[in-house]
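A quick write-up on the structure given underneath.
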Ligand SMILES: [Zn+2]
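Numbering (the working numbering), first residue to last: 82 to 283.
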């Protein structure tokens with residue numbers, strides 16, 4: 082059957098049976114476990130992170146997600162002691178993609194969260210972290226890469242919604258913040274606008 086462009090998997094991000102993407106650097110996080118049996122992957126969550134906050138390209142996000150962060154390396158890191166977190170993907174400022182958890186598994190990115198009345202978003206979501214902050218404009222290549230990666234994930238999984246972390250964990254979380262251009266991402270994803278929250282594209 083002929084596929085429309087929106088459905089054709091991106092050759093740069095072919096997703097294998099365990100949910101590992103070609104075209105991404107693979108760095109396995111121990112912070113993962115199995116999704117509840119029979120759970121469909123329905124939600125794509127967009128986050129931001131930078132470590133220390135507002136500094137980019139430090140390698141500290143990768144250390145945090147693999148439990149190798151030196152807590153003495155920066156005063157802010159003391160607050161992260163004992164934190165066990167991960168995401169499926171990180172998109173760095175230069176567009177490099179690192180994958181920490183196969184999509185078939187549950188990454189630990191959303192924390193306490195509710196989507197359409199349903200708690201524990203980690204169970205049924207994929208998490209993409211953009212290296213950034215709520216206030217600093219994301220890079221062009223981050224939008225390009227996010228669009229390509231999200232298209233590949235929509236082709237591979239029964240995703241039906243995209244939200245920001247702030248949409249499912251408000252007021253505890255504010256990411257991806259005002260700096261994130263939802264219209265630009267929606268244009269790059271090029272799928273049914275109904276996957277976005279109405280107010281996101283207002
Ligand atoms: Zn987040």
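We put the beta carbon where it would ideally sit given N, CA and C, even for glycine. In this text the structure is predicted, and so the values were computed from the model without any measurement.
Using only CA atoms, which one of 167, 277 and 152 lies nearest to residue 160?
Along the chain shown, one-based indexing puts residue 160 at 79. Cα-wise, what sits closest to residue 160 is 152.
Would you call the region 163-177 and the region 197-217 in contact, with 3 or more CB pairs under 8 Å?
With a cut-off of 8 Å, the region 197-217 and the region 163-177 count as touching, because enough Cβ pairs lie within range.
Verify the contact flag: residue 248, CB atom, against every heavy atom of ligand 1, threshold strictly below 7 Å.
The count along the chain shown starts at 1 and reaches residue 248 at position 167. Flag unset: Cβ of residue 248 not near ligand 1.
Mind reading off the beta-carbon distance from residue 113 to residue 187? Whole number of angstroms is fine, and I expect it under 8 Å.
Taking the first residue of the chain shown as position 1, residue 113 is located at position 32. Taking the first residue of the chain shown as position 1, residue 187 is located at position 106. Between residue 113 and residue 187 a beta carbon distance of about 6 Å is seen, short of the 8 Å cut, so the two are scored as contacting.
Contact the region 91-109 vs the region 222-235: 3+ CB pairs below 8 Å
The region 91-109 and the region 222-235 touch, with no fewer than 3 CB-CB distances between them shorter than 8 Å.
Pick from 178, 147, 137 and 148: whose alpha carbon is nearest that of residue 101?
Here residue 101 refers to the residue found at position 20 when the chain shown is read from its first residue. The candidate whose alpha carbon is nearest that of residue 101 is 178.
Enumerate, from N- to C-terminal direction, the unbroken beta strand (DSSP E) stretches of 3 or more residues contained entirely within the region 229-280.
242-245
Looking at the structure shown, is residue 82 part of a helix, part of a strand, or coil, going by DSSP?
As a position in the chain shown, residue 82 is number 1, starting the count at 1. Low confidence applies here, because residue 82 scores a pLDDT of 45, under 50, leaving its location unreliable; read the following figure in that light. Three-state DSSP puts residue 82 in coil, outside helix and strand.
Is residue 190 close to ligand 1? I mean its beta-carbon at under 7 Å from any heavy atom of the ligand.
In the chain shown, counting from the first residue as 1, residue 190 sits at position 109. Checking every heavy atom of ligand 1 against the Cβ of residue 190, one is found closer than 7 Å.
Can we count residue 215 as close to ligand 1, meaning its CB is less than 7 Å from some heavy atom?
Residue mapping note: residue 215 aligns to position 134 of the chain shown, counting from 1. Incorrect: residue 215 has no Cβ contact closer than 7 Å to ligand 1.
Of the residues 224, 144 and 250, which one's Cα is nearest the Cα of residue 265?
What you label residue 265 is simply residue 184 of the chain shown in a count that begins at 1. The option with the nearest alpha carbon to residue 265 is 224.
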